[in-house]
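Single-structure report; data block below.
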Amino acid sequence: MNLPYHLKWGMIEVGALIDTVKEICSSIGPRPAGSEAEARAAELIRSRLEPLCDEVVVEEFRVHPRVLQGLIVFMALMYLAAFIVYFLMPPVAFLLGITSLLILYLSRMRGKAVLDWMFPEATSQNVIGKIKPRGEAKRILVFSGHHDSAYLMPLFWKHKPKLAMIQNIAVGCLALLTVLSAVKSAWIFLYGGSSILEGPLGFITRGLTDYVLSFNLFDYFMVVPLVGLIVTFYFMRNMVTSTPCMGANDNLSAVAVILSLAEEVSKRKPKNTEVWIVSFGSEEPSTKGSKFFAETHKEIADKALVVNLETVGQGEIGIISKEKSVGVTLSKEVVNLILEAGERAKIPVRTVEIGYGNTDASSLVRGGIKAATIFGMDENELFTLWHTPEDVPENLDEENLQKVKKLCMEILRIVDSSS
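Using the numbering used here, read the sequence shown as starting at 4 and increasing by one per residue.
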């Protein structure tokens, strides 16, 4: 149900949080990373925080907005090249395959900016509002979200339950192609009349004349990498678009909650907990804003806890404990804190390990800051209204937003009482 304006929910004044989402969507619209619209959203958030916080800063950083889509295209083209070259020069196919897999691993599992230099650069912004406590600041509690919006990804509404499987098929088949290339290269080297004295170039080009020696033994297995190649190009076609989402749920829902939290906390400041309200820019291109934040605010790592919010305007409220697709386990301390707050506030929450996608919490944890994410999830235990045309204000649930706000206020009470 939608809540009316100005009710009392526990100790919290309740207004319509969805109005903030509607305002930004109507006045600014979609906000791709690094765009003028994203910068306007950051400025609006700054102006809202200015009268509520003791200090507000906007931190600019450089970003390559299309790097995530670029990684998908790069992987598909490298796969195609390796598949073709396999039949001519297997060692080159092996090098292409192993290079692609290494770049994918470093980019996604280690958070490295391997391919960023290949794509146009732009400026993005993090907005940080700080509310000082009444007494000594013994802890820092950060509530965060992001104000940029994604590009449409048709695969997310066509085959959402199978996202991880489709990606794993593509990557697994590329790995098989790489192995077959290595085995075939060794076969040609050992039994194709090649000599070590010919040197690397002779070994590489030997496949042109000796290919027939290994055809019956290895190449029938290439039907599997062929299937993987088809899946890869289907994945690319349905993941790489130039149409931006409105981003009401992903992630203005979080922005609305954290702005309301700032208003609430500014009226009733905690005793010993400094509260930071942070809206990241450029979450969509591989969580660049939170990565920059972690790199530039290492000084808070020892006493800060981050409660990150994602797609909280619809769905069951969950806590992400692990982001499998990037190999990051989030802070157990923050996860347990949110669970305790849920019990106290009588708001049902449960932990999940998401099989696809990631949030700003993963970059923060990689940077040494304790963080976990509260999110709205669907029946697949994935983000609601995720990168779809339906991600508009009309599809948000005011009650969800209010519950998450209440949950966050309870988290603050717990942290402050233990400081």
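A virtual CB, placed ideally from N, CA and C, is assigned to each residue, including glycine.
For residue i, does the three-state DSSP call read helix, strand or coil?
i	result
Leu-312	strand
Phe-146	strand
Asn-129	strand
Glu-277	strand
Ile-357	strand
Arg-271	coil
Gly-202	With a pLDDT of 42 at Gly-202, under the threshold of 50, the modelled position of that residue is not reliable, and the figure given next carries that caveat. Of the three classes helix, strand and coil, the one that applies to Gly-202 here is helix, per DSSP.
Ser-29	helix
Pro-247	strand
Lys-409	helix
Phe-122	coil
Ala-265	helix
Lys-373	strand
Leu-211	Caution applies to Leu-211, whose pLDDT of 48 falls short of 50 and renders its modelled position unreliable; the value that the coordinates give is listed next. Reduced to three states, the DSSP call for Leu-211 is helix.
Ala-307	strand
Ile-134	strand
Ala-167	helix
Ala-116	coil
Thr-391	coil
Arg-347	helix
Asp-400	coil
Leu-20	coil
Pro-111	The sequence given here places Arg at residue 111; Pro does not occur at that position. Here Arg-111 sits in helix by DSSP.
Glu-139	coil
Ser-422	coil
Ser-293	helix
Pro-7	Residue placement at Pro-7 cannot be trusted, given a pLDDT of 37 that sits under 50; what the coordinates show is reported in the next sentence. Pro-7 falls in the coil class under three-state DSSP.
Can you find the residues in the same chain that come closer than 6 angstroms, C-beta to C-beta, to residue i, ignoring five residues on each side of it along the sequence?
i	result
Lys-306	Arg-142, Ile-143
Ile-261	Phe-146, Gly-148, Ile-280
Gly-360	none
His-67	Asp-119, Phe-122, Glu-124
Phe-157	A small fix is needed here, since residue 157 is Pro in this sequence, not Phe. Here the set comprises Asn-241.
Gly-330	Met-112
Leu-308	Leu-144, Val-337, Lys-373
Val-395	Met-249, Ala-251
Leu-264	Phe-146, Cys-411
Tyr-89	Ala-96, Ser-184
Asn-129	Glu-62, Phe-283, Gly-284, Gly-292, Phe-296
Thr-3	One cannot answer for residue 3 here, as it falls past the ends of the chain, which runs 4 to 422.
Residues bridged to residue i by DSSP?
i	result
Pro-228	Its beta-bridge partners do not exist; DSSP assigns none.
Phe-283	His-149
Lys-325	Thr-332, Glu-356
Gly-379	Ile-320
Tyr-154	Pro-247
Phe-386	Met-380
Within the same chain, show all residues whose beta-carbon is closer than 7 angstroms to that of residue i, passing over the 5 residues directly before and after it, in chain order.
i	result
Val-60	Ile-131
Ile-357	Ile-323, Glu-326, Lys-327, Glu-384, Leu-385
Lys-163	Asn-383, Leu-385
Gly-100	Ala-85, Leu-177, Leu-180, Thr-181, Ser-184
Glu-201	Its pLDDT being 42, under 50, Glu-201 is placed unreliably by the model, and nothing is read from it.
Thr-387	Asn-252, Thr-314, Gln-317, Gly-318, Gly-379, Met-380, Asp-381
Leu-204	Because Leu-204 carries a pLDDT of 44, less than 50, the predicted location of this residue cannot be relied on, and no value is offered for it.
Phe-2	This structure cannot speak to residue 2, because the chain is shown only from 4 to 422.
Ser-50	none
Arg-43	Ile-31
Glu-413	Ala-344, Arg-347, Ala-348
Leu-80	none
Can you list, in chain order, the residues of its chain whose CB lies under 8 angstroms from that of residue i, leaving out five sequence neighbours each side?
i	result
Val-234	Ile-169, Ile-172, Ala-173, Cys-176
Ile-417	Leu-340, Glu-343, Ala-344, Arg-347
Lys-115	Leu-109
Ser-420	none
Glu-286	Ala-36, His-149, Asp-151, Asn-254, Gly-292, Ser-293, Thr-362, Asp-363
Leu-333	Ile-323, Ser-324, Lys-325, Glu-326, Ala-364, Ser-365, Val-368, Ala-374, Ala-375, Thr-376
Phe-221	Leu-183, Val-186, Lys-187, Trp-190
Gly-138	Lys-274, Asn-275
Gly-371	Ala-297, Lys-301, Ala-304
Thr-126	Gly-37, Ala-42, Glu-63, Phe-64, Arg-65, Val-66
Val-117	Ile-106, Leu-109, Ser-110
Gly-231	Tyr-82, Ile-172, Ala-173, Gly-175, Cys-176, Leu-177, Leu-179, Leu-180
Comparing the CB of residue i with every heavy atom of the ligand COA, is any distance shorter than 7 angstroms?
i	result
Val-70	This structure does not include the ligand COA; it has no bound ligands of any sort.
Secondary structure, beta strand (DSSP E): runs of 3+ residues fully inside the region 37 to 103: 58 to 66
Decide yes or no for the touch test of the region 106 to 124 against the region 61 to 75: beta carbon pairs closer than 8 angstroms, at least 3 of them. yes
Is there contact here, the region 401 to 409 with the region 298 to 318, by at least three beta-carbon pairs under 8 angstroms? yes
Report yes or no: do the region 151 to 165 and the region 293 to 312 share at least 3 C-beta pairs separated by less than 8 angstroms? no
State whether the region 21 to 41 contacts the region 250 to 270, with contact taken as three or more CB pairs (one from each stretch) at a distance under 8 angstroms. yes
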